[in-house]
Structures are given as C-alpha cells and as structure tokens.
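To keep things clear, I will list the structure first and then write my remarks on it.
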Amino acid sequence: MADDFSVKLTEKYYTPDPSYRQNSWIGDYQEAYDEFRKDPEAFWDRVARELHWFSPYAKVREWKYPYARWFVDGKTNITFNCLDRHVQNGLRNKVALIWKGEDDTERIYTYRQLLREVMRVANGLKTLGVEKGDRVCIYMPMVPEQIISMLACARIGAVHSVVFGGFGAAALNSRITGAEAKVVITADVTFRRGKSIPLKHIIEEAIINAPSVEHVVVLRREKTQPVEIHKEMEIDFYDLVHAAGTECEPEVMDAEDPLFILYTSGSTGTPKGIVHTCGGYMVGTYYTTKTVFDIKDNDVYWCTADPGWITGHSYVVYGPLSLGATIVITESPPDYPDPGAYWRMVEEFGVTILYTAPTAIRMFMKLGEQWPDKSNLSSLRILGSVGEPLNPEAFEWYYRVIGKNRCPVVDTWWQTETGMHMVTTMIGERMYPGFAGKSIPGVVADVVDKNGTPVAPGTGGFLAIRDPWPSMMRTVYKDDERYRKYWNTIPNWYAVGDLAVKNKEGYIMVLGRSDDLIVVAGHNIGTAEVESALVSHKAVAEAAVIGKPDEVKGNIIKAFVILRVGHTASDKLKNELLYHVRITLGPIAMPAEIDFVATLPKTRSGKIMRRVLKAKEMGMDPGDISTLDD
Ligand code: WT7
C-alpha cells in the first residue's frame, strides 16, 4: 500500500439556492448526520418503517465483524414495495416507466400495468419450474422487459443475475456457470445506431457447457423475420407470459434472503459475484434515492445507466420504483441520431432529475454547447454523476451548460459492493467542483492511512468505510474469502480500493483506484489527478494516464490524449500540455510521454481500461478483456 502523499486542493465552491435545502427531504445535512451518529439503529429503523414489511424485524442490525445482518427476521418483498404499495395507495394510474426506442417508438407503463406484467412473467417463470432461491440470468437490451424480468424474479424469490447486454459469449458463460442459472432470459436483437445486432447466437454459444441451464426465454423483437425458437430448450417470451395468469402473490422473503447477484470486475482475477439481500438493499436504495435525488411526486427521473450495471439496479429499478417515481429509459446512445438526442428527451418528457456519467458529460463537452442549447432544459432541477471522478472542468460544464448555474450537481461515490450511494454532496449544501462530498447520513466514510487512522486535510489516503450499512454486499458468491478481504485490508474498515483526499471542510475528492496509482520517483500520483489536469486544458477532450516502468524513477507517466474538435496534434501542443500539467499539478506529475489518440479502451460502462493501454505499451498480454467495449 502507498505511503502518504499530499495533494494541492482548490477552494472554489458554489452555493445552491436556499430553496433547495428548505424543500428537501434531507433538510440540513449536518443536523441529519448528527441524528444518525447519535443512534444509527434508530436512524435506519425510522427509514425502514416507511416501507412495508409482511412481518416486522426483531432487530435493526446484528454486526459480527465482518458479517452484518439487517432487519433481522423481518419479512418483505421488494416488489410489493415497488409496485403493490403504490397501486394500493392511489398511484395505480401514475406513470411508472417511459421507454423510448431508437426509432422514436414510445412505451409507457403505469404502476398498475407494470405490476400486471411483472406478475405474468413471474407466473411464466414458475411454469418453467423456477423456485425461490433459483438463479435466473437476464441478458437483454434496455427494454421494459428487462426491468419486468428483474422484478418478476424478485416477485417469486428467484435470484437474478443480470449480465449487461454488451458482454460476449465467454464472459456470459462464466457468469451463467458461476451463478448456476436455471433459466436465461434474453432477446433476439438489440438495436444500436439504426442497426439490429443479434444477441441470441451469443446465448446459444454461452450455454454450451453450462449444464445448469434448463430453459432460455427469448423476447423476439424482429417482427418481419422472427428468429427461430428451438423448442427443446427455448420458449418465446410472450408465449410464456400469455399462458400464465395475471395474479401472483409476492413470495414472503426473509430480509437476509438473497435478492440478486451482480458480477463486477475485480482489479485482478475473475469477476466477483456480489450478493445483495432483500431487506437491507431495499432500505438502502429507497433511502438514498429519496434523499440524494430528493424525489417528489411530480418528478420525472432519468438515469441513463443500463440496468445491467449496479447503477441501473439501484437507481433505475429498485430505488426509484420503491419511491413511486416516474422513470425514463432509452435504448439509444447519447449521440444518436445526433448529439442533441438526449437534450430533446429532457425537454420532451420534462425530465427534472438527470443522472449520468462523467464520460458522457465529457463526450458532450467535446461535441459542443450548441447541441444542448437547442433544447429547453428548464425542467431540470437536479443533476447527478456517477462512475468515476467528475473532474472540475466536467463539473463546471455540467453545472453551467446543462444546469444553467441553477441545479445542484450530486456527484455520487459508491460501488457495486456498497449497493447504494455512500459519499456525495447533498442538495442544498455547498458544492466543491472535483469533490464528491461527504458521507451521506447513514454512512461513515473517511480517508485513512494503511493502519486505519484518518489523515489530515490535504493528505492523500485510502477511502474507507467504518461500520456496516444496510445495502452492503453480504458475500462474494461462492468465494467468501474475497468478501473478507474487503474488511481485512485496513484494520476495522471496509477498504474500497480508491485513493482520496479531504479538504478542510471534510469534502472527499476521489482520486482514482489505488491500483491505478503511479509511483514516480517515490511519489504517489493518482492517474485521475493527472487526467483531470490534462482535461482542464481547452484542447483536451479525454485523457488516460498510465505508469510505465523506468529504470531511474521507478515509473514515468505516460498520457494518451483525445483532442477536442478543432484542435490538431503537434509538438507545440504537446509542450503546451506538459506546461499546463506542470503549472496545475507540479513537475512531479508531468507526463514523460504524450500520445495523441482517436479513442481509448473502455469498459462498456465507460471506465477507461488503463491496464489495456499499459499492456499494449509494454508489448504484453492485456489479460481478460471481456469487458472491453468495441
Ligand atoms: C468504482 C466502483 C457505483 C456505480 C458505478 C460504478 C469508481 C464510482 C465514483 C465517483 C469517483 C467513482 C470508484 C469505485 N467510482 N463512482 N462519483 N467518483 N469514482 O460501480 O463498477 O462497482 O465501480 O467506481 O473507483 O470504487 P463499480
């Protein structure tokens, strides 16, 4: 692990309009936080009571380091809270889900309709022999049926394992066999930039040598030339659903029963099957969706993530639906058919809360302000960001161009493993560009050294979490050793694997993964920091930085840079960039080499795969690239 290192911090901040705090669910952040610290169990008990339990829990939490149980002996079903509860409480005809296809098709489900569909698919799964505890793999494009399938599993207590529709056959096979899925739900095609991309053959390949799979359910979207169904194993999605009844009582689930498994790539080794449970996950995502996005009855909420990732699980599906919110989703990429597509959607649907990723924001920056400026974005009231550090330049652009200097930006730090938001700047609080913020009430996060001692402001360290929280993962599927490692690395803390630094006010800036740290001449430098410095230059659209072994310095920094439209690569520009980094970060952080490139290797969730760049640079095997986007 790294030694301490210091980081120069800017002090610029923005203060949101006081009305945000006055009208928010959270109210005054510090008061809410103190309330939580005074009695954490009472705090979470109050939250959990807002949801429906078939029978109450005996205890809020039980903590036997490093194992936690939450809402002990409580019985519930997350779909009851996401659907039935609203149907029974006057929201039956409220729009739950708006879907927009690439070809401008729209599909809309009210809460009543969504519940009906979920119950039908749930019954369909039952006819295939799916029972409580069985695993079901969902490998689908971003269509309503993807969400309906997740909820249908949860309805009957089956454990879903959603695999992002962009994964290839080998990655899919390892996830299916890892979870021993009994049924796979898929679609014939996904539509991407006007083309239909076949999915079914990927499944066909992936279930060879996957003996657990008994049935494949296929959603057939191509109507003119429907894909063939192989009756021995496969069944058409709607044939299955139409044969099933429309009433399906929710399975009574113990709070600690598993709700889903979601595979996440480790910094090394095979993907980890992160296990989340019914009760704690439900409470954690409900609470954070309510307070971080401040969801109110008439909000129109759009999270651009695919449900195939944790962001989609927690903040497209379970959190927003448990709040009875209206959610918007689309299968379209942000710049299709043109870079104005997303902004037209904001205007058209009157989106009030937009939650997206820094990589998308930087792409929009590169494309230019003229695109968002064509649409009326005045419906927006809160902007969110997730997935990687939101560098100050991207923050400023998002805040000014999209939020018109009016909407709070919540940069939410969390992980697949945490299930819910952990660190952010609650709306109404001062925003420091580049800083995610503080622990949300309910969470104790801090920046610590390798012994677990909190470090002083300005000193870098490890982001870590103390004490359990309801939606924490319970184990890594069939690999509990890997689970324990999170809690054994830094004594008494959950080690998240990110480097961070706090400012004097206690705001946390996430610098990047600790495994992406570069040690140059004995100094530790976060890749994200250098990248952020490069991106702050007007000619740079995106940058990725790696450490390259060097005989004298241990490592040198090598940068890969994508230029913004209107700038051309030249030695002069290279020098300008070096000078720029020297001025912003200091000579120690200066790249020794800069390559201008057209693209960067990224995961399908938009994270730059630095190890692929590094392997290429050093003429080595890049290792597992199953998550690499094309
Ligand atoms: C890792 C977790 C959480 C949903 C998407 C990613 C990075 C995530 C932020 C943020 C800086 C962030 C961290 C974290 N990360 N959000 N707001 N600022 N870094 O989930 O694939 O489990 O990745 O993403 O490095 O550890 P994930």
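Take 0 as the starting number for the sequence shown in numbering that gives the first Met the number 0 and just add one per residue. A virtual CB, placed ideally from N, CA and C, is assigned to each residue, including glycine. Note that this is a predicted model, so its numbers are computed, not measured.
| Item | Value |
| --- | --- |
| Among Phe434, Glu387 and Glu416, the one whose alpha carbon lies nearest that of Thr424 | Phe434 |
| Segment contact flag, the stretch 491–511 with the stretch 453–462, C-beta cutoff 8 Å, min 3 pairs | yes |
| Residue ranges of each alpha helix (DSSP H) within the stretch 145–214, 4 or longer | 168–178 and 199–205 |
| Cβ-based neighbour list, Arg343, same chain, cut-off 7 Å, excluding 5 preceding and 5 following | Ser374 |
| Contact test: Glu233 Cβ vs the ligand WT7 heavy atom, cutoff 7 Å | no |
| Leu50 (DSSP reduced to helix, strand or coil) | coil |
| Backbone CA spacing between Lys194 and Tyr476 [nearest angstrom] | 36 Å |
| As assigned by DSSP and simplified to three states, the class of Cys247 | coil |
| Alpha-carbon spacing of Val161 relative to Ala180, whole angstroms | 11 Å |
| Nearest-angstrom Cα separation, counted from Val447 out to Gln29 | 21 Å |
| N- and C-terminal bounds of the alpha helix (DSSP H) containing Phe259 | It is not in any alpha helix (DSSP H) - Phe259 instead sits in the beta strand (DSSP E) that spans Pro257 to Thr263. |
| N-terminal and C-terminal residue of the beta strand (DSSP E) that Ala31 is part of | Ala31 -> not in any beta strand (DSSP E); alpha helix (DSSP H) instead, spanning Tyr28 to Lys37. |
| For Trp396, three-class secondary structure by DSSP | helix |
| The ligand WT7 heavy atom lying under 7 Å from the CB of Val544 | no |
| Same chain only: Cβ atoms within 6 Å of Ile273, ignoring 5 sequence neighbours per side | Leu261, Thr263, Thr415, Glu416 and Met472 |
| Start-to-end residues for the alpha helix (DSSP H) that takes in Met471 | Run containing Met471: none; DSSP gives neither H nor E here. |
| Ser640: first and last residue of the uninterrupted alpha helix (DSSP H) it sits in | A question about residue 640 goes unanswered here, because the residues of the chain that appear run from 0 up to 629. |
| Local conformation of Ser18 per DSSP, three classes | helix |
| Ser486: first and last residue of the uninterrupted alpha helix (DSSP H) it sits in | It should be noted that the sequence gives Trp, not Ser, for residue 486. Asp479 to Asn487 is the span of the alpha helix (DSSP H), which, as asked, contains Trp486. |
| Complete beta strand (DSSP E) runs within the stretch 328–384 (minimum length 3 residues, chain order) | 352–355 |
| CB contact flag (Pro469, Trp69, <8 Å) | yes |
| Pick from Leu113, Asp620, Tyr335 and Tyr66 that is closest to Thr276, judged by C-alpha positions | Tyr66 |
| Closest residue to Asn297 among Arg45, Leu90 and Arg84 (Cα-Cα distance) | Leu90 |
| Proximity test, Ile77 beta-carbon vs the ligand WT7 heavy atom, cut-off 7 Å | no |
| Residue ranges of each beta strand (DSSP E) within the stretch 55–97, 3 or longer | 58–63 and 66–71 |
| Buried or exposed (CB count within 10 angstroms, at least 16 for buried), Asn574 | exposed |
| Buried or exposed (CB count within 10 angstroms, at least 16 for buried), Gln21 | exposed |
| C-alpha gap between Trp486 and Ala243, whole angstroms | 45 Å |
| Spatial distance of Trp492 from Pro621 (CA atoms) | 32 Å |
| Nearest to Phe559 (by Cα), restricted to the options Glu528, Gly605 and Leu612 | Leu612 |
| Same chain, Cβ closer than 6 Å to Gly265, neighbours up to 5 away in sequence not counted | Interpretation of Gly265 is limited by its pLDDT of 49, a score under 50 that renders its predicted location unreliable; the figure taken from the coordinates is listed afterwards. The answer, listed in chain order, is Lys271. |
| Closer than 7 Å: Gly386 CB and nearest the ligand WT7 heavy atom | yes |
| Arg512 CB to nearest heavy atom of the ligand WT7 below 7 Å | yes |
| Unbroken alpha helix (DSSP H) run spanning Phe434, endpoints | Segment: none, Phe434 is in no alpha helix (DSSP H) and carries neither H nor E. |
| Minimum C-alpha distance to Thr329 - residue among Asp305, Ile309 and Tyr354 | Asp305 |
| Where Gln145 falls, given that 16 or more other Cβ within 10 Å makes a residue buried | buried |
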